[in-house]
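Written below as structure tokens is the structure these notes are about.
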Amino acid sequence: MNVEELSGLPPGAVSHFRDQGIEELYPPQAEAVEAGATEGDSLVAAVPTASGKTMIAALSMLSAVQRGGKALYIVPLRALASEKKAEFEAYEEFGVTAGVATGNYESTSDWLATKDIVVATSEKVDSLVRNGADWLSDLTCVVSDEVHLIDDRNRGPTLEVTLAKLRKLNPDLQTVALSATVGNADEIADWLDAELVETDWRPIDLRMGVHYGNALNFDDGSTREVPVEGSEKQEAALVRDILQEGGSSLVFVNSRRNAEAAARRLGKVASRELTPEEEDQLAELAEEIRDDSDTETSKDLADCVERGSAFHHAGLSSTQRSIVEDAFRDRLLKVISATPTLAAGVNTPARRVIVRDWRRFDPSAGGMAPLDVLEVHQMMGRAGRPGLDPYGEAVLLAKNHDESQELFDRYVWADPEPVRSKLAAEPALRTHVLATIASGFARTREGLLEFLEATLYASQSSEPGRLERVADDVLDYLERNDFIERSGGASDAGAGDGAFTSAADLAEQNDREEELEATSLGHTVSRLYLDPMSAAEIVHGLESADDRPTALGLYQLVSRTPDMYELYLRSGEDEKFGELYYEREAELLGDAPSEFEEERFEDWLAALKTGKLLEDWAEEDDEERITERYKIGPGDLRGKVDTAEWLLGAAESLAREIDSEWTVAVREARARVEHGVGDELLELVSVGGVGRKRARRLYEAGIEEPADLRNADKGVILNVLKGKKTAENILENAGREDPSMDEVEPASGDAGGTTGDSSAGDEPNANDAETAESADADESQSSLGDF
DNA sequence: CAGCCACTTGTCTAGACAGCATGTC
DNA sequence: CTAGACAAGTGGCTG
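In the UniProt record's numbering, the protein residues as written are 1 to 787.
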């Protein structure tokens with residue numbers, strides 16, 4: 001089918017596609033159009049990665065907009081949201097507007113209401129539903145990308161419930177679900193009342209194979225000699241082999257450490273094939289990476305990048321991740337070794353994909369468990385760059401003939417697993433049942449069960465009554481913690497009034513439906529997007545505090561909620577943090593588990609470790625020191641700080657809600673973690689342009705609050721802040737009447753500025769060691785080193 | 001005696017969404 | 001009940 005034959009699109013859309021070099025639709029796309037994608041019909045497209053799924057979405061959304069509607073595109077990751085938004089923004093050329101809504105992106109609901117296409121993460125959509133964004137009922141088309149993630153234990157239920165809610169909100173909604181090829185696409189289509197388009201067609205050939213010995217055997221029967229020379233590893237031989245043809249490769253491994261070690265080794269292979277220009281550009285990139293963050297991880301990454309290789313995992317900062325991804329797409333980097341982050345993330349195709357590790361540590365399995373077929377296929381699907389490579393190659397590594405055979409059977413010839421709803425897991429239901437009640441989707445127990453009937457879980461359930469049972473447990477839990485109230489139902493029967501209970505009364509009570517209503521606290525929890533269990537923990541912790549909680553107490557409190565990802569204890573650390581615990585026991589909120597409850601006590605200490613990390617950050621320790629001390633990457637640190645900020649913000653709302661007297665303490669702890677400063681700097685840091693480092697330098701020079709910025713000698717300020725432009729900017733933000741720095745010379749400051757007049761001024765460590773304040777910090781560090 | 005290797009032992013394990021109100025060095 | 005890669009340490013061999 002030619003794009004010219006498409007109808008129902010906004011005028012200009014077809015020529016836009018033609019300008020992009022799209023003439024003929026790919027077969028799956030044509031099939032989708034035939035199935036009614038442009039006519040508002042629902043559809044499930046289960047097709048391989050990179051076979052034009054986005055185009056199917058685009059055609060559906062654009063035709064919906066042309067009919068006067070509004071479309072929503074749901075993605076699983078923030079990074080994908082920005083990628084898609086950039087793609088859809090090009091439609092502005094013919095008058096179709098696009099916006100993005102994620103947790104960290106600027107976005108007011110009013111502003112989104114004006115956009116034709118909105119891109120959002122599933123959690124953000126869920127949150128918008130909970131907060132009653134009224135434009136949601138104007139939606140006529142919703143696209144769910146990577147819908148197979150419904151299978152995910154943690155985040156799948158959110159997507160599932162959100163889709164069910166959107167469809168309930170607007171029964172005529174066109175639902176377009178894009179999925180990898182999975183075992184049961186037909187079930188998903190049934191659930192969504194949608195047509196199914198299923199194919200394994202790909203725009204570029206994908207050859208899958210297994211490397212063993214000196215040979216690479218493909219699924220089509222062909223063989224390629226790839227000798228392993230000397231002591232080199234198989235993946236090194238494979239990377240070198242394809243690099244000599246000018247192709248890049250992607251190596252998937254199962255741990256961060258493996259990714260880093262492999263990148264280091266592969267750097268030797270890649271560096272042999274670099275041109276001088278490439279070396280220069282890579283050196284620049286390496287510099288950029290070192291500038292982004294001053295940590296061991298950054299240095300290691302930069303060292304690799306200089307040689308044309310890189311590692312990629314969640315310990316990298318988001319900046320570093322995009323640097324690596326972009327450079328690989330520009331063919332500057334020859335090889336990336338990555339954990340599975342990359343397989344699910346933004347598009348980074350390579351000529352050859354090497355799945356080195358097909359087993360991953362899984363404590364629940366007690367050891368190494370094989371990866372899902374679906375997951376391996378997702379990785380393999382990254383092979384082949386459209387328009388650049390003649391074909392893509394996906395290779396598994398075997399050590400012997402038996403393993404080679406096993407890999408063919410297990411992954412090459414195998415079909416992916418079916419998608420199974422994980423909704424009946426209690427943690428998932430806890431949060432979604434509360435949200436469903438709070439946002440009025442269900443007002444009775446019956447109504448709740450009816451709503452749950454509309455989920456994929458219900459359509460798949462082989463165990464009748466399971467969902468009902470778990471739902472009842474969850475309702476009990478929510479009621480016990482004052483998140484909901486039940487009234488009028490059979491369970492209340494006779495409990496209160498003690499009056500006579502006749503058979504007739506009983507019958508009547510059983511007939512009457514039990515009503516469910518969220519309490520004010522329950523509404524708050526739902527809107528804040530907290531797991532009810534986190535909220536309960538925080539509420540209980542705040543209520544149990546007799547004295548003003550310390551920052552560490554609050555940090556440990558939020559760190560032990562299920563919304564904080566666990567920082568786990570390494571061997572030996574249980575003792576270290578056990579000591580810290582006895583030192584600072586009094587600061588912790590709520591009841592500590594007994595030491596004899598080993599598992600719970602470990603969790604408690606792990607939360608203390610995370611809390612201590614946050615305290616270190618709020619005591620202005622360097623990023624480098626923290627990442628080294630806790631053996632984490634810069635990305636992990638930022639993630640922790642981010643989450644803590646969010647949770648403490650939520651805790652502040654909860655504190656207000658329950659009239660806690662510690663609201664201010666929570667707010668202060670949050671502000672300290674947000675800016676990474678001690679409380680004496682909180683005022684300074686509220687001035688635009690002043691962060692943790694500048695604030696500390698200003699404070700040391702005797703400028704302790706914004707008022708001082710307005711009155712102090714400009715020479716002193718300039719001396720601290722270096723650049724005139726920066727100084728002017730900050731003075732303006734502080735509200736100084738005459739911010740101009742013209743003709744002002746740096747003056748040496750009163751307190752700590754004596755060594756500060758070096759011209760470069762970029763030594764963040766230099767000024768740390770001077771004042772009483774940092775002496776404190778040092779002390780806490782040495783005590784930390786001891787335990 | 002230095003340098004290299006082969007082998008042993010101990011350690012450790014993927015990922016990342018959300019509120020709210022505005023802006024790091 | 002289940003693994004395996006890496007890094008650091010150890011010991012033996014060679015020149």
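We put the CB at the ideal spot given by N, CA and C, even for glycine.
Exercise. Would you please state the rounded distance, in angstroms, between the beta carbons of Val355 and Phe252? I believe it to be under 8 Å.
Key: That pair is a contact at about 5 Å.
Exercise. Could you name the residues of the same chain whose beta carbon sits closer than 7 Å to that of Val129, not counting the 5 residues immediately before and after it, in chain order?
Key: These residues qualify, in order along the chain: Leu136, Thr162, Lys165, Ser439.
Self-check item: As assigned by DSSP and simplified to three states, the class of Glu573
Solution: It is helical.
Self-check item: Nearest to Glu680 (by Cα), restricted to the options Glu620, Arg736, Asn719
Solution: The alpha carbon of Glu680 has as its nearest neighbour, out of Glu620, Arg736, Asn719, the alpha carbon of Glu620.
Quiz item: Rounded to whole angstroms, how far is the Cβ of Gly578 from the Cβ of Leu613, which I believe are closer than 8 Å?
Solution: Not a contact, Cβ separation roughly 17 Å.
Practice problem: Leaving aside the five residues before and after Asn2 along the sequence, list all residues of the same chain whose C-beta is less than 8 Å from its C-beta, in chain order. | Solution: Beyond the five residues adjoining it in sequence on each side, Asn2 comes within less than 8 Å, by CB distance, of Glu23, Glu24, Leu25 in the same chain, given in chain order.
Quiz item: Considering only C-alpha positions, which residue in the set Asn254, Gly315, Phe328 is nearest to Leu285?
Solution: Ranking the options by Cα distance to Leu285, first place goes to Phe328.
Quiz item: Mind checking whether Leu580 and Ala545 have CB atoms under 9 Å apart?
Solution: Cβ atoms of Leu580 and Ala545: not closer than 9 Å.
Quiz item: Roughly how many whole angstroms lie between the Cα atoms of Val716 and Asp738?
Solution: Cα atoms of Val716 and Asp738: separation of roughly 15 Å, rounded to the nearest angstrom.
Exercise. Give the DSSP bridge partners of Leu516, in chain order.
Key: According to DSSP, Leu516 bridges with Arg486.
Quiz item: Would you report the Cα separation of Lys695 and Asn711, rounded to the nearest angstrom?
Solution: Looking at the sequence itself, residue 695 is Ala, so the reference to Lys does not match. Straight across, the Cα-Cα distance linking Ala695 with Asn711 is about 16 Å.
Quiz item: Would the beta-carbon of Glu515 fall within 9 Å of that of Gly488?
Solution: In this structure, Gly488 lies closer than 9 Å to Glu515 by Cβ.
Exercise. Could you please give the first and the last residue of the uninterrupted beta strand (DSSP E) stretch that includes Asp205?
Key: Residues 205–212.
Practice problem: Taking only the alpha-carbon atoms, compute the straight-line gap between His675 and Ser740 and give it to the nearest angstrom. | Solution: Taking the straight line from one Cα to the other gives about 27 Å.
Self-check item: Closest Cα partner of Ala314 within the set Asp292, Pro349, Ala259, Val690
Solution: Minimum Cα distance to Ala314 is reached at Ala259.
Quiz item: Just the Cα atoms here: how many angstroms apart are Tyr565 and Ser559?
Solution: Annotation: Tyr565 to Ser559 spans about 8 Å, alpha carbon to alpha carbon.
Practice problem: Label Gln20 either buried or exposed according to how many other C-beta atoms from any shown protein chain fall within 10 Å of its C-beta, with 16 as the threshold for buried. | Solution: Exposed is the call here.
Quiz item: For the segment 423–475, which segments carrying the alpha helix (DSSP H) assignment without a break, of at least 4 residues, lie completely within its bounds, in sequence order?
Solution: The segment 423–475 contains, as complete alpha helix (DSSP H) runs of 4+ residues, the segments 426–438, 445–453, 456–460 (chain order).
Exercise. Report buried or exposed for Met208, applying the criterion of at least 16 other Cβ atoms within 10 angstroms of its Cβ.
Key: A buried status is given to Met208, since no fewer than 16 other beta-carbon atoms sit within 10 Å of its beta-carbon.
Quiz item: So does the segment 403–417 actually touch the segment 364–381, counting three or more Cβ pairs closer than 8 Å?
Solution: As far as the Cβ criterion goes, the segment 403–417 touches the segment 364–381, which means the pair count is three or higher.
Quiz item: How many angstroms separate the CA atom of Ile242 from the CA atom of Gly384?
Solution: Roughly 12 Å separates the two Cα atoms.
Quiz item: Where do the ends of the alpha helix (DSSP H) carrying Asn711 lie?
Solution: Per DSSP, Asn711 belongs to the alpha helix (DSSP H) from 706–711.
Quiz item: Would you call the segment 594–604 and the segment 528–547 in contact, with 3 or more CB pairs under 8 Å?
Solution: The answer is no - the segment 528–547 does not touch the segment 594–604, with fewer than three Cβ pairs under 8 Å.
Quiz item: What residues in its chain sit with their C-beta under 6 Å from that of Asn254, if we drop five residues either side in the sequence?
Solution: Closer than 6 Å at the Cβ level, and outside the excluded window around Asn254, lie Asp357, Arg360.
Quiz item: Apart from the five residues on each side of it in sequence, which residues of its chain come closer than 6 Å, Cβ to Cβ, to Arg736?
Solution: Excluding positions up to five away in sequence, the list reads Arg710.
Quiz item: What is the DSSP secondary structure of Glu225, reduced to helix, strand or coil?
Solution: It is a strand residue.
Quiz item: According to DSSP, which residues form a beta bridge with Val96?
Solution: The partner list for Val96 (beta bridge, DSSP) is empty, contrary to what the question assumes.
Exercise. Look at the alpha carbon of Ile538 and the alpha carbon of Asp482, and state the distance between them as a whole number of angstroms.
Key: For Ile538 and Asp482, the distance between alpha carbons rounds to 13 Å.
Self-check item: Cβ contact check for the segment 685–702 and the segment 717–733: 3 or more pairs under 8 Å
Solution: Because the criterion of three Cβ pairs below 8 Å is met, the segment 685–702 and the segment 717–733 touch.
Practice problem: Check whether the segment 115–133 touches the segment 32–47, taking contact to mean three or more Cβ pairs, one atom from each stretch, closer than 8 Å. | Solution: Taking a contact to require three or more Cβ pairs closer than 8 Å, the segment 115–133 and the segment 32–47 do not qualify as touching.
Quiz prompt | Assigned secondary structure, Gly496 (DSSP; H/G/I helix, E/B strand, else coil) | solution = Because the pLDDT at Gly496 is just 44, under 50, the model does not fix this residue reliably, and the point stays unresolved.
Quiz item: Over what stretch of residues does the alpha helix (DSSP H) that includes Val673 continue unbroken?
Solution: Its alpha helix (DSSP H) spans residues 663–675.
Quiz item: Exposed or buried, what is residue 798 when buried is set at 16 or more other beta-carbons lying within 10 Å of its beta-carbon?
Solution: In the structure as shown, the chain begins at 1 and stops at 787. Residue 798 is therefore absent and cannot be evaluated.
Quiz prompt | Per-residue DSSP class, three states only, for Pro28 | solution = DSSP places Pro28 in helix when its eight states are reduced to three.
Self-check item: Per DSSP, cross-strand counterpart(s) of Ile336
Solution: Answer is Leu250, Ala310, bridged to Ile336.
Quiz item: If you count every other CB in all the chains shown that lies within 10 Å of the CB of Leu316, and 16 or more means buried, which is it?
Solution: By the beta-carbon neighbour count (other beta carbons within 10 angstroms, threshold 16), Leu316 is buried.
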